[in-house]
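Presented below is the structure to which this report refers.
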Amino acid sequence: MRNKLLMALTALVIVALACALPGSDGSLFKDDFSRESGAWGTGDDGTASVTYEDENLVFRIHENTQFYWTTAEEDLQNVHIEVTARDVGQAADAGFGILCNYVDDQNFYYLGIGSDQLYVIAKAENDDFRIISGEDQWSFSEALPLEADSYQIGADCGNFKLTLYVNGVEIASVEDDTFTRGNVGLFAITADDPEAEVRFDDFVVTQLGE
Numbered sequence: 003m004r005n006k007l008l009m010a011l012t013a014l015v016i017v018a019l020a021c022a023l024p025g026s027d028g029s030l031f032k033d034d035f036s037r038e039s040g041a042w043g044t045g046d047d048g049t050a051s052v053t054y055e056d057e058n059l060v061f062r063i064h065e066n067t068q069f070y071w072t073t074a075e076e077d078l079q080n081v082h083i084e085v086t087a088r089d090v091g092q093a094a095d096a097g098f099g100i101l102c103n104y105v106d107d108q109n110f111y112y113l114g115i116g117s118d119q120l121y122v123i124a125k126a127e128n129d130d131f132r133i134i135s136g137e138d139q140w141s142f143s144e145a146l147p148l149e150a151d152s153y154q155i156g157a158d159c160g161n162f163k164l165t166l167y168v169n170g171v172e173i174a175s176v177e178d179d180t181f182t183r184g185n186v187g188l189f190a191i192t193a194d195d196p197e198a199e200v201r202f203d204d205f206v207v208t209q210l211g212e
């Protein structure tokens, strides 16, 4: 079984320029990527890009062993995050998912999956990237569909606990109190294979209960 790298050799950190408004349905923040709201950082450094396309936020990574993310400048605490993701690239071992409690580019949590039925809950702390859901590697779960057309990824980030969901099913949960609030974001990562493409849609943040 392939094991995705814990962190990449390089990373593209794209800063958002503005904030989107809370949703009228009670959500704290939401974006269907139907227009360039300015809430997300986008860009292209030649190795990878983050762009708005066809009402999606699209990550493309052209090289292996790369970790790229973008954040929305929303300082939030105790939240549940949902996003729809489609893995449509050539890379068989790409990973993708959600960032939360993002303090800066060296301190944050990330929770994600791959189409190869692997998942991770991890954190960057003072630029030290460490998996906290398994023994220093992405873990396998039969609850993750293999090579699905799309995945509904969910994350609880709050009350000193991190929980990963896929299609409404809890995949893993860990306790950690290093970061208690921060921005939210999305990421994609490559391991052995280049040419990853992940399309995100319908990003929604709601308040997490006590």
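All residue numbers for the sequence shown refer to this note's numbering, where the first residue is 3 and numbers rise by one. Glycine is no exception: its CB is placed at the ideal position from the N, C-alpha and C atoms.
According to DSSP, what are the bridge partners of I173? Taking the first residue of the sequence shown as 1, we reach residue 173 at position 171. According to DSSP, I173 bridges with nothing at all.
Within its chain, find whatever has a CB closer than 8 Å to the CB of S152; leave out the 5 residues flanking it on each side and keep chain order. As a position in the sequence shown, residue 152 is number 150, starting the count at 1. So the qualifying residues of the chain are T86, A87 and R88.
Using the DSSP secondary-structure output, state which residues sit across from R183 in a beta bridge. What you label residue 183 is simply residue 181 of the sequence shown in a count that begins at 1. DSSP lists Q79 as partners of R183.
Taking three-plus beta-carbon pairs below 8 Å as touching, is the region 106-117 in contact with the region 37-50? Taking a cut-off of 8 Å for Cβ pairs, the region 106-117 and the region 37-50 do not touch, as fewer than three such pairs fall below it.
Between the region 192-208 and the region 93-109, do at least 3 Cβ pairs fall closer than 8 Å? In short, these stretches touch, since the Cβ pair count reaches three.
Kindly indicate which residue of E149, A157 and N128 has the alpha-carbon position closest to the one of L188. Residue 188 sits at position 186 when you count from the first residue of the sequence shown. With distances taken between Cα atoms, L188 lies closest to A157.
Tell me whether Q68 is buried or exposed, calling it buried when 16 or more other Cβ atoms sit within 10 Å of its Cβ. Within the sequence shown, the letter at position 66 stands for residue 68. With 16 or more other Cβ atoms within 10 Å, it is buried.
Residues that L148 bridges to, as DSSP identifies them: What you label residue 148 is simply residue 146 of the sequence shown in a count that begins at 1. Its beta-bridge partners do not exist; DSSP assigns none.
Nearest-angstrom beta carbon gap, Q108 and A124 [assumed within contact, 8 Å]: By one-based count along the sequence shown, residue 124 stands at place 122. By one-based count along the sequence shown, residue 108 stands at place 106. The C-beta distance from A124 to Q108 rounds to 14 Å, too long to fall under 8 Å, and the pair is not in contact.
Would you call V168 buried or exposed, if buried means 16 or more other Cβ atoms sit within 10 Å of its Cβ? If you number the sequence shown from 1, residue 168 lands on position 166. Buried.
Whole-angstrom C-beta distance between V52 and T72, which should lie under 8 Å: Here residue 72 refers to the residue found at position 70 when the sequence shown is read from its first residue. Here residue 52 refers to the residue found at position 50 when the sequence shown is read from its first residue. Contact check for T72 and V52: beta-carbon distance about 5 Å, within the 8 Å limit, so the pair qualifies.
Quick one: using the 10 Å Cβ neighbour count with 16 as the cut-off for buried, is G211 buried or exposed? Position 209 of the sequence shown, counted from the start, is the residue given in the question as residue 211. It counts as exposed.
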